[in-house]
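Protein chains in written order, with this note's numbering: chain A, 1 to 325; chain B, 1001 to 1346; chain C, 2001 to 2312.
For reference, the structure is listed below as structure tokens.
Here's what the structure looks like:
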């Protein structure tokens, strides 16, 4: 496997609260290889969006990066100046946000916004900019006549595609997406996901896709990382995780999706709710809600144990490692 | 997880226990909104909808944005009056309910649970206050102590135990799932027949949804409550509902028993919806190139409103609006091609 | 009494829960203590309140008494000197606080109440009532305040402070009404209001017990803003001689100082002292206004080091 284009090492993000600092992201490490589709899954409060903001250097104070490195093609983004960062942004990696209406300027046409982005990176030729704009719109399946439309004239699904097209303008090697489909209806969601996957295969960029809906990303991602309370609890090939989830949290998550075609069985979900980030449980963060909790779990925090190709942060898998050694 | 025995409902009579008559019924229900000022165009939010809800059942009203499902719920809740058509509760038309007292009584019997856990509770009031107000208005015969006891009882029945401790809490101290349970408790406190649940779990985390869906199923089984469960998620509809009604662009396009509709869908839109549901256990199967564009509900005119996206559309679809016809007993569909006289010999 | 901030979102970036402060009386105290701007404003205001409550303790004597040698500069006996009429400037300054503070608070309060009544009604009642009330509000907004104030005050020579308060309220309520209406509009479609309506609550009850408590921070901000407006405009009116020139207030001090050409006569403190008082009192309200914003909206808080609180 080629060298990863993005390597996140030991990232920590904190923000102050009246009860002390809370660590939204606590020593997270992961790697993304060229052309790979990595899904990051978790529920509210797990830190996945914060992780995304940290990776793209878009954290808003009072949240701050308290440690770790973000290596993009070898360069540590944390140490770059704002100017150097601006050069890298959009050209090497771009971001697609959750809501197009928040990201797009309502008083500018699509063409104007695309031109802004391209001019910001040194492209001055109007004809070339226009041509590229038409090209990316066609890539996402939108009639280029909409270049002169304003965002509010387009439907929700179209706006999201416009955003994705914008992310493709400078042919970046990595696109980071924060739940870009969550505001859409089911059919539109499905269609957009398929489009993203097709584009990814044909253009070859890597994707980090953050979502709370595991079923959405299950068919499209190569690898999956499951987050809970600021840490990664399981990471590995998607199909593996779906077929035999290692962490009890992942198992619980998978069992929370009522099936449409399969047998109709009563489901349990996961009892309880995510922990308060300022007063985390001792030992394993998931143990108060875990169906397979052992005594050890409330005392020591488990490490990340590798079993087959998946890493699981659970004592249940420690034996596999020990056995192999 | 046992539920306490429900108290005797006030003013219950023999007629109300009649399983034969429908509990809540919509007949040719229509609601239009004028958009764009005094001379603007008409938005057909709901057009000619027939819906029945019987005692002790959960009916899922499934549709995407623009389908009109939330408007139907609000019509049932008397948030606004229908433009045309009628709604009957236990046989009595809502148009006859005019006085403040009658409206209040109806709303106690047919309460609504809202979608957004963050805005459905007033942040400045305690949970106890929210419940107390409802009880005071709908069951004025209760004393203060009795109201408090009742509040604790309903909180316990939605598994927010100990209910007594919940009374003094503020919404911001509760998680999304707990807030939704408070919403249910609020609805239950007036001993309703029917609960209108408007997407009660869509804004909750996936692992929390199941708990609330189980609660709904339980309340139906054990307390005999009926639910109108409005949702865009057909998988959760399957999980809790006895019957499913599918809406598109303000009209009912298909309805019937859940398993029947889901496994033998007749309307092309239902089939599209089913194909779009991400099921982690199933294999990927994208046959459709549908982009999910929103339906046209502004002055749509005659003809099937799905025809622009329909792979089966023929000329009659543009001329005549399809009516609901039986595809099999209890299962109706509104499609000229699959359930019409033009149905090809099978 | 529990007072809640008007904005309730407590889910951070991806939902990490954040315990929101709900200032009750005790919490409000703690909130002020932990915010520097609030502390400064509160201290300044406290000093002025003391000056207004017990002026006799700080500066015994009658402010208007023309007992002393006129035109004296600052000295040990007369901390700020004496006026051309032989009055002690320091005594006048201390006693003058009361009138300014009373005008500020009363005008501010009445103005806010009027803003609230009209603004909230306009926001909550749909259609025609909103149209009419908004029209009235807009008319009052557009009228240039100061000339109107001067004209009205000039026509009502008698009455003094009361007239001034009335004039201030009439010209000052419109801005707040606009703001409050906007906030009510944004609250209007929140589910809890629909729920209240479905529950069977009457409209007035909904406005008073469901909507208003959610607007306290805006109402307080309105009050503070209206008070600043009142202080400055009242001083201006008194300075040009409207209102009763025989009362003890900073504005009238300025009037007399101007009439006697205090600066040219070498008595600058006669003018500077009241000017300073007006500025500081206005500043105190303004600081509290900023602080209240920060307290109720965590996004505006300045970023400090670890935790950023006085408590460990």
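Glycine included, C-beta positions come from ideal geometry on N, C-alpha and C.
Note that the coordinates shown come from a computational prediction; the quantities given were computed from them, not determined experimentally.
At a Cβ threshold of 8 Å, is residue i touching chain A?
i, result
"residue 1209 of chain B", "yes"
"residue 1355 of chain B", "Nothing can be reported for residue 1355 of chain B, as the shown portion of chain B is limited to 1001 through 1346."
"residue 1273 of chain B", "yes"
"residue 1260 of chain B", "no"
"residue 1003 of chain B", "In this predicted model, residue 1003 of chain B has a pLDDT of only 31, less than 50, meaning its place in the structure is not dependable enough to derive any value."
"residue 948 of chain B", "With chain B running from 1001 to 1346 in the structure shown, residue 948 of chain B is simply not present."
"residue 1279 of chain B", "yes"
Give the residues of chain B in contact with residue i, contact being defined as C-beta atoms less than 9 Å apart.
i, result
"residue 2261 of chain C", "Correct list: empty, because the minimum Cβ distance to chain B is about 56 Å."
"residue 2241 of chain C", "The contacting residues do not exist; residue 2241 of chain C stays about 47 Å from chain B at best."
"residue 2066 of chain C", "Within 9 Å Cβ-Cβ: nothing; residue 2066 of chain C doesn't reach chain B, min ~55 Å."
"residue 247 of chain A", "What residue 247 of chain A touches in chain B: nothing, since even the nearest Cβ is about 13 Å away."
"residue 212 of chain A", "1205 and 1206"
Chain B partners of residue i, CB-CB under 7 Å?
i, result
"residue 270 of chain A", "1207"
"residue 258 of chain A", "1235, 1236, 1238 and 1239"
"residue 2144 of chain C", "The premise fails here: residue 2144 of chain C is roughly 33 Å from chain B at the closest Cβ pair, so nothing lies under 7 Å."
Identify every residue that forms a DSSP beta bridge with residue i.
i, result
"residue 94 of chain A", "A:175"
"residue 1247 of chain B", "B:1252"
"residue 25 of chain A", "A:13"
"residue 1401 of chain B", "Any answer about residue 1401 of chain B is impossible in this case: the structure gives chain B only from 1001 up to 1346."
"residue 208 of chain A", "A:38 and A:176"
"residue 160 of chain A", "Answer is none; residue 160 of chain A lacks a bridge partner."
"residue 1229 of chain B", "B:1060 and B:1197"
What is the C-beta distance between residue i and residue j, in whole angstroms, given that I count them as a contact (C-beta under 8 Å)?
i, j, result
"residue 1252 of chain B", "residue 1049 of chain B", "5 Å"
"residue 1080 of chain B", "residue 1088 of chain B", "Actually they are not in contact, since the Cβ atoms of residue 1080 of chain B and residue 1088 of chain B sit about 17 Å apart, beyond 8 Å."
"residue 1183 of chain B", "residue 1211 of chain B", "In fact, because the Cβ distance is near 14 Å, the residues do not count as touching under 8 Å."
"residue 187 of chain A", "residue 1272 of chain B", "6 Å"
Any heavy atom of the ligand ADP closer than 7 Å to the Cβ of residue i?
i, result
"residue 186 of chain A", "Although the ligand ADP was asked about, the structure shown includes no ligands whatsoever."
Run down chain A in chain order and give the residues with a C-beta less than 9 Å from the C-beta of residue i.
i, result
"residue 1232 of chain B", "185 and 186"
Give the residues of chain C in contact with residue i, contact being defined as C-beta atoms less than 7 Å apart.
i, result
"residue 1134 of chain B", "2199"
So, is the C-beta of residue i closer than 8 Å to a C-beta in chain B?
i, result
"residue 2025 of chain C", "Only weak support is given to the placement of residue 2025 of chain C: the predicted model assigns it a pLDDT of 47, under 50, and the value that follows is read from those uncertain coordinates. Not one chain B Cβ lies under 8 Å of residue 2025 of chain C."
"residue 44 of chain A", "yes"
"residue 139 of chain A", "no"
"residue 252 of chain A", "yes"
"residue 267 of chain A", "yes"
"residue 2194 of chain C", "yes"
"residue 2213 of chain C", "yes"
"residue 292 of chain A", "no"
"residue 305 of chain A", "no"
"residue 2292 of chain C", "no"
"residue 15 of chain A", "no"
"residue 261 of chain A", "yes"
In chain B, which residues lie with their C-beta within 8 Å of the C-beta of residue i?
i, result
"residue 2222 of chain C", "Correct list: empty, because the minimum Cβ distance to chain B is about 18 Å."
"residue 155 of chain A", "1293 and 1294"
"residue 123 of chain A", "Those do not exist, as residue 123 of chain A stays about 30 Å from chain B at its closest Cβ, beyond 8 Å."
In chain A, what lies closer than 8 Å to residue i by C-beta?
i, result
"residue 1177 of chain B", "273"
"residue 1226 of chain B", "Near residue 1226 of chain B there are no residues of chain A at all, since even the closest Cβ is about 20 Å away, more than 8 Å."
Are the C-beta atoms of residue i and some chain C residue less than 8 Å apart?
i, result
"residue 1011 of chain B", "Per-residue confidence for residue 1011 of chain B stands at a pLDDT of 32, beneath the threshold of 50, marking its modelled position as unreliable; no derived number is given."
"residue 1124 of chain B", "yes"
"residue 1077 of chain B", "yes"
"residue 1191 of chain B", "no"
In chain C, which residues lie less than 8 Å from residue i when you measure between Cβ atoms?
i, result
"residue 1119 of chain B", "2190, 2191 and 2192"
"residue 1137 of chain B", "2199, 2200 and 2201"
For a contact defined as C-beta to C-beta under 7 Å, what are the partners of residue i on chain A?
i, result
"residue 1156 of chain B", "Those within 7 Å of residue 1156 of chain B in chain A number zero; the least Cβ separation is about 17 Å."
Residues in the stretch 1081-1111 of chain B having any Cβ partner in chain C nearer than 9 Å
Residues passing the 9 Å Cβ filter: 1100, 1103, 1104, 1107, 1108 and 1111.
Anything in the stretch 214-240 of chain A with a Cβ closer than 8 Å to a Cβ of chain B? List those residues in chain order, please.
214, 215, 216, 218 and 219
Which residues of the stretch 67-92 of chain A have a Cβ closer than 8 Å to any Cβ of chain B? Give them in chain order. Look at the stretch 67-92 of chain A: it has no residue with a C-beta under 8 Å from a C-beta of chain B.
> If you measure beta-carbon to beta-carbon, which residues of the stretch 1038-1067 of chain B are closer than 7 Å to chain A?
Replying inline: 1064 and 1065
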